[in-house]
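Residues in the sequence shown are numbered consecutively from 300, following my numbering. Each residue gets a CB set at the ideal place from its N, CA and C atoms; glycine is no exception. Predicted model only: the values in this text are computed from it and were never measured. Notes follow the structure.
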Amino acid sequence: MDNENKEKLPAKEHDSTFKLLFENPKDVYLLVSKIINYSWANEIRESSIEIKKTNYITKEFSQVEADVVAKARLKDRDVYFYILIENQSTVAKDMPERLLRYMISIWAEEIRNGVEKLPAIIPIVVYNGLDRRWEVPTDIIGAFDIFKNDIFKYKVVDIAQVDIKSYLEKEDVLTPIIFYLEQVRNDSNELIRRLQEIDQSLKKLSFNNIERFLLWSQHVIRPRLGEKQKEEYDKIVERVKQKGVELMGEFVSNVARLLDETKTKEFLAGVQQGIQQGIQQGIQQGIQQGIQQGIQQERIETAKRMIQLGISYDVISKATNLSIEEIEKIAQEKIN
Numbered sequence: 300m301d302n303e304n305k306e307k308l309p310a311k312e313h314d315s316t317f318k319l320l321f322e323n324p325k326d327v328y329l330l331v332s333k334i335i336n337y338s339w340a341n342e343i344r345e346s347s348i349e350i351k352k353t354n355y356i357t358k359e360f361s362q363v364e365a366d367v368v369a370k371a372r373l374k375d376r377d378v379y380f381y382i383l384i385e386n387q388s389t390v391a392k393d394m395p396e397r398l399l400r401y402m403i404s405i406w407a408e409e410i411r412n413g414v415e416k417l418p419a420i421i422p423i424v425v426y427n428g429l430d431r432r433w434e435v436p437t438d439i440i441g442a443f444d445i446f447k448n449d450i451f452k453y454k455v456v457d458i459a460q461v462d463i464k465s466y467l468e469k470e471d472v473l474t475p476i477i478f479y480l481e482q483v484r485n486d487s488n489e490l491i492r493r494l495q496e497i498d499q500s501l502k503k504l505s506f507n508n509i510e511r512f513l514l515w516s517q518h519v520i521r522p523r524l525g526e527k528q529k530e531e532y533d534k535i536v537e538r539v540k541q542k543g544v545e546l547m548g549e550f551v552s553n554v555a556r557l558l559d560e561t562k563t564k565e566f567l568a569g570v571q572q573g574i575q576q577g578i579q580q581g582i583q584q585g586i587q588q589g590i591q592q593g594i595q596q597e598r599i600e601t602a603k604r605m606i607q608l609g610i611s612y613d614v615i616s617k618a619t620n621l622s623i624e625e626i627e628k629i630a631q632e633k634i635n
């Protein structure tokens, strides 16, 4: 029988054969430590390798059927090996995206199970095509072209460090305004100053952005106000919601005033509290001082009586807790 007429093993049965091969932990260990020879594979405990379930159900994908998923322990963390069996004659050009999709499914399962530290997932394609060599790029992120250097890195926008002031003049853009105020939200004096500074920027906001700004203000500015000031603030906000941007100037001036009133009230309350604490401390100190003076005077009177009885100074010192020098001085004064 020539090659063209040879009976071929059905693809699915062939897949299953390879899948069975890698359902043995020893074969997985040989694959990763010897055949592929990962530099860190010698740190894997062979006995820790276990074969995991082979399908994941997610909202994003109706069902993701994996081939072999093996879990191993590497030092102080888990590592997964996702082994995908490819025995088709046509090389799958969408392989990077497929692998990433499967990897995401495994991570999603780990997250649902409450994992604290995401495991590393090592994707492996076992390709047994004989008619052509594997020619799809093996860099998963490379499939994303110009975005490849940014997908597995996250950028940090640290509001406190952003130089945002130059963007405040952009018309009807809320982010620079919020960032600029957020930078000083814990400093009432600077918050008042910046509110007044961005008055013109606030007047350029659309009604939609005004509503969003007021929502931010509700959570950041309002809690800083006193109870009386909060009542007035709520009335101002209602007027702004009714008339829109034409009242933003009034909003800024009034909110700045309310913040200042609250700050002044808190300062005076602090001063008053300090005075009261000072008075209480003075009273306590006076009482304590009076008690100590009374105790000292009683010791002196006791010493005088003991001196008169001719008791030795050593005994008097032990009885009254006065020093010999103090007792001698009392005796001298008594003689004089």
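Kindly indicate which three-state DSSP category residue i falls into: helix, strand or coil?
i	result
isoleucine 594	helix
arginine 397	helix
lysine 352	coil
valine 461	coil
phenylalanine 380	strand
tyrosine 612	helix
glutamine 631	helix
tyrosine 466	helix
glutamate 549	helix
isoleucine 343	strand
valine 456	coil
glutamate 434	coil
glutamate 526	helix
lysine 503	coil
lysine 534	helix
lysine 617	helix
Would you report the Cα separation of residue i and residue j, rounded to the nearest angstrom?
i	j	result
alanine 630	glycine 609	11 Å
serine 622	glutamine 592	16 Å
valine 414	aspartate 377	11 Å
valine 331	isoleucine 520	58 Å
glutamate 240	leucine 514	Because the chain in this structure spans residues 300 to 635, residue 240 falls outside the shown range and cannot be described.
isoleucine 626	threonine 563	57 Å
lysine 540	glutamate 470	20 Å
leucine 558	arginine 523	7 Å
aspartate 457	isoleucine 463	11 Å
serine 465	isoleucine 476	11 Å
methionine 547	tyrosine 479	17 Å
glycine 428	glutamate 385	8 Å
glutamine 517	asparagine 412	37 Å
aspartate 438	asparagine 448	12 Å
Count the other C-beta atoms from every protein chain shown that fall within 10 angstroms of the C-beta of residue i, then say buried if there are 16 or more, exposed otherwise.
i	result
glutamine 588	exposed
methionine 394	buried
isoleucine 586	exposed
serine 338	exposed
glutamine 528	buried
In the DSSP assignment, what residue or residues form a beta bridge with residue i?
i	result
leucine 490	Leucine 490 is not bridged to any residue.
lysine 370	Glu349 and Tyr379
proline 422	Tyr381
isoleucine 405	Paired residue(s): none; isoleucine 405 is not in a bridge.
Relative to the C-alpha of residue i, which candidate in the options has its C-alpha closest?
i	options	result
phenylalanine 451	Gln596, Ile403 and Ile343	Ile403
tyrosine 401	Phe506, Ile423 and Lys392	Ile423
alanine 419	Asn427, Tyr426, Gly428 and Glu409	Glu409
serine 346	Leu373, Met605, Ile334 and Gln576	Leu373
isoleucine 606	Gln584, Ile594, Gln595 and Glu632	Glu632
serine 552	Thr601, Ile491 and Glu526	Ile491
valine 367	Thr619, Pro324 and Gly525	Pro324
Comparing the C-beta of residue i with each C-beta of chain B, is any distance below 8 Å?
i	result
threonine 601	Among the protein chains of the structure shown there is no chain B, as only one such chain exists.
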